[in-house]
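Here is the structure we will look at, set down as structure tokens.
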Amino acid sequence: MKKKRSKNPPKKVHLVFDERERRDFLTGFQKRKKERQKKAQEKLKQQAQEEKRRLRAEKQEILQRLLGDKPVAGSSADVEREEQPVTYDMPDHTVTVTSLESCDLYGDVHIGNNQAADDDEEDGITDEIEKGRTADSDKQRLKALARQMGDCSTKLRAALHKDKKERGKMRRIKLRTTKKAKLARTHRR
Numbered sequence: 001m002k003k004k005r006s007k008n009p010p011k012k013v014h015l016v017f018d019e020r021e022r023r024d025f026l027t028g029f030q031k032r033k034k035e036r037q038k039k040a041q042e043k044l045k046q047q048a049q050e051e052k053r054r055l056r057a058e059k060q061e062i063l064q065r066l067l068g069d070k071p072v073a074g075s076s077a078d079v080e081r082e083e084q085p086v087t088y089d090m091p092d093h094t095v096t097v098t099s100l101e102s103c104d105l106y107g108d109v110h111i112g113n114n115q116a117a118d119d120d121e122e123d124g125i126t127d128e129i130e131k132g133r134t135a136d137s138d139k140q141r142l143k144a145l146a147r148q149m150g151d152c153s154t155k156l157r158a159a160l161h162k163d164k165k166e167r168g169k170m171r172r173i174k175l176r177t178t179k180k181a182k183l184a185r186t187h188r189r
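Below, the structure is given as structure tokens:
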């Protein structure tokens with residue numbers, strides 16, 4: 001039996017050699033590799049920036065939680081309320097006299113009369129202790145955030161300059177081998 005021939009015979013392939021297209025094809029590998037590397041670097045930069053933004057926002061939130069409604073030292077209301085200090089010059093030293101009131105101090109530290117603690121205030125004391133614990137954990141988190149921000153920058157720098165390091169390493173290896181070859185040639189003579 002004879003094999004049936006298909007109605008559409010396979011088309012023949014005609015090869016045309018073009019030097020310019022060949023060069024573009026061969027150099028295209030390097031171009032595409034460079035483009036991929038550039039895209040990857042841009043992506044790394046963008047991820048690092050987003051990570052830094054996230055860390056900054058978290059840091060800001062923790063600082064707001066820590067500071068709360070406490071007055072900031074040196075605010076305009078404090079400056080207006082502050083009295084001018086009086087300075088006396090003595091022959092051996094200088095004396096400055098200022099007025100000190102318990103309302104002038106910041107935070108929870110006050111100078112004043114001793115007062116007996118009531119039983120009702122014990123709940124307030126435990127609340128203050130718990131706030132202190134959360135403040136300590138917030139401070140530790142702030143330190144960790146600062147470390148993470150530094151690590152983020154370091155990782156980005158290392159990733160961006162990795163190929164430069166490798167090229168430098170290859171150059172050093174090449175120099176060593178050429179020096180050894182030169183030394184071997186001079187010893188033969």
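Using the UniProt record's numbering, the letters of the sequence shown map in sequence onto residues 1 to 189.
Just so it is clear, CB atoms sit at the ideal spot from N, CA and C, and this is done for glycine as well.
Since this is a predicted model, take the numbers as computed values, not measurements.
What is the C-beta distance between residue i and residue j, in whole angstroms, given that I count them as a contact (C-beta under 8 Å)?
i, j, result
"residue 197", "I62", "This structure does not reach residue 197, given that the chain is present from 1 up to 189, and the question cannot be answered."
"K33", "M149", "Actually they are not in contact, since the Cβ atoms of K33 and M149 sit about 32 Å apart, beyond 8 Å."
Please report the straight-line C-alpha distance between residue i and residue j, rounded to a whole angstrom.
i, j, result
"K58", "K162", "The displayed chain sequence assigns Glu, not Lys, to residue 58. Spanning the two alpha carbons is a distance of roughly 30 Å."
"M170", "R23", "26 Å"
"T154", "K182", "40 Å"
"S6", "V13", "18 Å"
"T134", "Q140", "10 Å"
"V79", "S99", "Confidence at V79 is low in this model, with a pLDDT of 49, below 50, so the placement of that residue should be treated as unreliable; the coordinate-derived value is given next. Roughly 14 Å separates the two Cα atoms."
"F25", "R147", "47 Å"
"F29", "Q37", "12 Å"
"P9", "F17", "25 Å"
"E166", "K174", "12 Å"
"A144", "R172", "39 Å"
"E50", "T186", "58 Å"
"E35", "E19", "24 Å"
"T178", "Q46", "42 Å"
"K11", "T27", "30 Å"
Are residue i and residue j close, meaning C-beta to C-beta below 8 Å?
i, j, result
"P85", "V95", "no"
"D138", "L55", "no"
"C152", "A40", "no"
"L156", "L15", "no"
Unbroken stretches of the alpha helix (DSSP H), 4 residues or longer, contained in the segment 4–39: Inside the segment 4–39, DSSP marks no whole alpha helix (DSSP H) run of 4 or more residues.
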